[in-house]
Amino acid sequence: MTTAAIVVGAATGPSASRLTVVALVILVVLAVLPYVIDPYQTVLLTYGLVMAIAALGFNLLLGYTGLLSFGHSAYFGTGAYTVAFIMRDLGVQSMELCILGGLLGTFVVSALFGFVCVRHTRIFFGILTLALSQVLWSLAFKFFWVTGGTDGIRVAYAKLTLFGGMINFAGPGSFQRFVFAYYYYVLALFALATLIMWIIVHSPFGKALQAIRDNETRASFIGISVRRYRWIAFVVSGVFTGLAGVLWVPLNGLTTPDILYWPFSGEIVFMSVLGGFRTFTGPIVGAIVFNYLKTYAVASTEYWQLLLGAVLVILVMLLPAGIVGTVARLAGKLSLAGKLIGWGK
Amino acid sequence: MTGTIFVIQLLNSLFYAAVLFLIAAGLSLIYGVMRIVNLAHGTLYALGAYVSAWVVGSIMGHAASGGSWALLASLLLLPAGAIAVAVVGAVMEPTLLRPLYRRPEEYHLLVTFGLLMILEDAIKLMFGGTPLSAGSIMDLMGSIPVGRLIYPAYNLFVIAIGLAAALGLWWFIYRTKFGVILRATAQDRRMAAALGLNVGRVYVQAFAIGCFMAGLGGAVVVPAQAAVLGMGVEALILAFVVVVIGGLGSLEGALVGALIVSLVRTAGIQFFPEIELAVLYLIAAAVLLVRPTGLFGRA
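So the sequences go chain by chain: A and B. So for the first sequence, my numbering puts the first residue at 1; every next one is plus one. So for the second sequence, my numbering puts the first residue at 1001; every next one is plus one.
Structure, rendered in structure tokens:
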């Protein structure tokens, strides 16, 4: 962590050290939280962090490369189903092996789909990603003797072990222990994923992606191999979302074709826009907020979709910058106003 | 006997093609004129089906009784769903979509995705979770013999409607003044406005017509298949496959695409049921790769 922080600090100048402090404070708060809140809230937060990884991956394409994928359910679902398969059919119990398998599975699928999809941009890219994700959905839906069809596949947390068998969840009170241990497991991976993504988008590769997003022709004139960069971004994005799928399965206890169906891709898009896809932290905030929003909407009304849909429409019409973008703008205005009347420095 | 089954399957796929054409032509028309991919389009189709079934059911009752006058009255009531959806579209375009034309396409997809969520639940709120059907029409129409089997006459009626809609839309777009205005606006919005056309009005009309087509698709399907929750989300993807194969924004493309999709699907259900949907999506992906603008599309 510290060496990586130094790397980041060296790469992006003095403001990054302040950022590291802020990030560490948030991390400490997140680490203390399970001692303060009840287990149900801990589970909800775990879901939020898992979805944050998915949205973070998704946003490498939308926010940094300028490609709107409407098929990220495919990679989330591939991660989830790979774990379910290797646990059921190979009898694997180690979570680390599940993660490895899931990452490998999503790497293969996103490399294949990405190879096809990056031939297009804009609306055709969206439709192509959507069509390909639906191929997987229909397979999971129809090959019920392999995938369990709409019943899905059960993934029991009690069969899992963390850190190569050091932590297992057998015996009484195991669910409480699982909730607690798994939260920290996900938190650590979330922190790692965020750090890696931060390094990626601030690396020369990340800058090249942003150049492609802003002006494809210019980017290709200065020698950036546009299609190859997009492909790599696609694969990285897919693998991040796949990791989220892997981590989601033991928490949910079940994987069904719903997470491969295209409205789930829409939810991932929703999260990123809710937080603000023009910012790095936007998708993280958006995913956690969306998760709470959806959970409480589902609990309080049968018509939760209507509520969420209205939120999305209002968001797009009035606050297209999302939560983080809007807050940043307001803060900017405040500090400007402060400077004007002689406050602050 | 195999000949008879072949004929029946062919009729089935034509029936299916007619419904798909109605949905996809609306989607394509809206994209062609205002460059908006309407993710709520499938749900508008579902809304049309629900409204039609509800109107026919509550006025004419659900029993197949009353003879040919009752049948005629039911058929006249059936387009109610299409009209209702057109009204919804005429309200939606100026209020929710117009402010977004200057923004990138991502926002169009997002707002129509939000509308999809709203409409899905609005349908549940208005009509409840139980399937609605206008099956009395199908029963009243009876059936006709095909070889040694019988086939519902209503399906033939739907095929005729699909054909009439295709011809009517073609005539409308290529042979009327409004069609010329529509095509001019689609080609160059600013030039059309400079020549004195009220582009805002053309957009509302085009959007309402596109929605009407979706609603009509729902209206004609509901006597044969009950309206159920989630039918719109499924229909949208198939309509996407149709317009991707035929070319987004092309009327001929929607027709040919609908025929291809329904033939593949009918054959798929007969011969390779497990992968029939996967094959359709793969065909769409393959067409996008080889001819991104579809078989009939212009870039």
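Every residue gets a Cβ at the ideal spot worked out from N, C-alpha and C, and that includes glycine.
Taking 9 Å as the cut-off, the beta carbon of Ser-237 (chain A) is found no closer than this to the beta carbon of Ser-73 (chain A).
Taking Ala-1226 (chain B) as the centre and dropping the five residues before and after it, the same chain places the C-beta of Ala-1053, Pro-1131, Leu-1132, Ser-1133 and Gly-1135 closer than 8 Å to its C-beta, in chain order. The residues Ala-1049, Ser-1052, Ala-1053, Ser-1133 and Ala-1134, in chain order, have a CB closer than 7 Å to that of Val-1222 (chain B) in the same chain once the five nearest residues on each side in sequence are set aside.
With 16 or more neighbouring CB atoms inside 10 Å of its own CB, Tyr-185 (chain A) falls in the buried class. The alpha-carbon separation between Leu-97 (chain A) and Val-83 (chain A) amounts to approximately 9 Å. Against Phe-264 (chain A), chain B offers no close residue; the least beta-carbon distance is about 11 Å (beta-carbon pairs closer than 7 Å). The shortest C-alpha to C-alpha distance from Gly-164 (chain A) to any of A:Thr-150, A:Phe-180 and A:Leu-100 is the one to A:Leu-100. In summary, the residues of the stretch 100-127 of chain A whose CB is separated from some CB of chain B by less than 8 Å are Val-116, Arg-119, His-120, Arg-122, Ile-123, Phe-124, Gly-126 and Ile-127, in the order they occur in the chain. Taking a contact to require three or more Cβ pairs closer than 8 Å, the stretch 116-127 of chain A and the stretch 1256-1267 of chain B do not qualify as touching.
Only residues of its own chain outside the window of five on either side were considered, and among them Val-1146, Gly-1147, Arg-1148 and Leu-1149 have a CB closer than 8 Å to the CB of Thr-1004 (chain B), listed in chain order.
Going by beta carbons, Leu-1163 (chain B) and Ile-1173 (chain B) fall outside the 9 Å limit. In the three-state DSSP reduction, Arg-213 (chain A) falls in the helix class (H, G or I).
For a Cβ distance threshold of 7 Å, nothing in chain A lies close to Val-1256 (chain B): the least Cβ distance comes to about 18 Å.
Residue A:Gly-275 holds the alpha-carbon nearest to the alpha-carbon of Gly-48 (chain A) among A:Gly-173, A:Gly-275, A:Ala-321 and A:Gly-332.
One thing to note: Trp-137 (chain A) has its Cβ within 9 Å of the Cβ of Tyr-261 (chain A). The three-state reading of DSSP puts Asn-1155 (chain B) in helix, counting H, G and I together. Among the residues facing chain A, Leu-1029 (chain B) is not included, as its CB has no counterpart in that chain under 9 Å away. Each residue's CA atom was taken as its position, placing Phe-270 (chain A) and Ala-1073 (chain B) some 45 Å apart. For Ser-1143 (chain B), the enclosing beta strand (DSSP E) starts and ends at 1143-1146.
Taking 9 Å as the Cβ-Cβ cut-off, the stretch 1259-1277 of chain B approaches chain A at Pro-1273, Glu-1274, Ile-1275, Glu-1276 and Leu-1277, given in chain order. In terms of CA proximity to Tyr-64 (chain A), A:Phe-277 leads the group A:Phe-277, A:Leu-306 and A:Ala-337. For Ala-1227 (chain B), the pairing in a beta bridge is given by DSSP as B:Leu-1132.
Under the three-state reduction of DSSP, Leu-1116 (chain B) is assigned to helix. In the DSSP annotation of this structure, Glu-1093 (chain B) is not part of any alpha helix (DSSP H), being labelled neither H nor E. In the structure shown, Asn-1038 (chain B) falls within a coil segment according to DSSP collapsed to helix, strand and coil. Ranked by Cα distance from Val-108 (chain A), the options A:Thr-279, A:Tyr-75 and A:Lys-159 are led by A:Tyr-75.
For Arg-1189 (chain B), the nearest beta carbon of chain A is not closer than 9 Å to its own beta carbon. The C-beta distance from Val-1261 (chain B) to Leu-1280 (chain B) rounds to 6 Å, short enough to meet the 8 Å contact threshold. Ranked by how close their Cα comes to the Cα of Gln-134 (chain A), the residues B:Phe-1296, B:Ala-1219, B:Ala-1284 and B:Arg-1291 have B:Ala-1284 in first place. The alpha-carbon separation between Gly-1067 (chain B) and Leu-1140 (chain B) amounts to approximately 7 Å. Proximity of the stretch 1250-1257 of chain B to the stretch 1112-1130 of chain B falls short of the contact definition, fewer than three beta-carbon pairs being nearer than 8 Å. For Leu-67 (chain A), there is no enclosing alpha helix (DSSP H), as DSSP gives it neither H nor E. Between the stretch 1181-1196 of chain B and the stretch 1010-1023 of chain B, the count of Cβ pairs shorter than 8 Å is below three; the stretches do not touch. Contiguous alpha helix (DSSP H) elements confined to the stretch 214-275 of chain A occur at 216-221, 226-252 and 262-275, taking only those with 4 or more residues. Under the 10 Å beta carbon count, Pro-1079 (chain B) is surrounded by 16 or more other beta carbons and is classified as buried. Chain A has a Cβ within less than 9 Å of the Cβ of Tyr-1281 (chain B).
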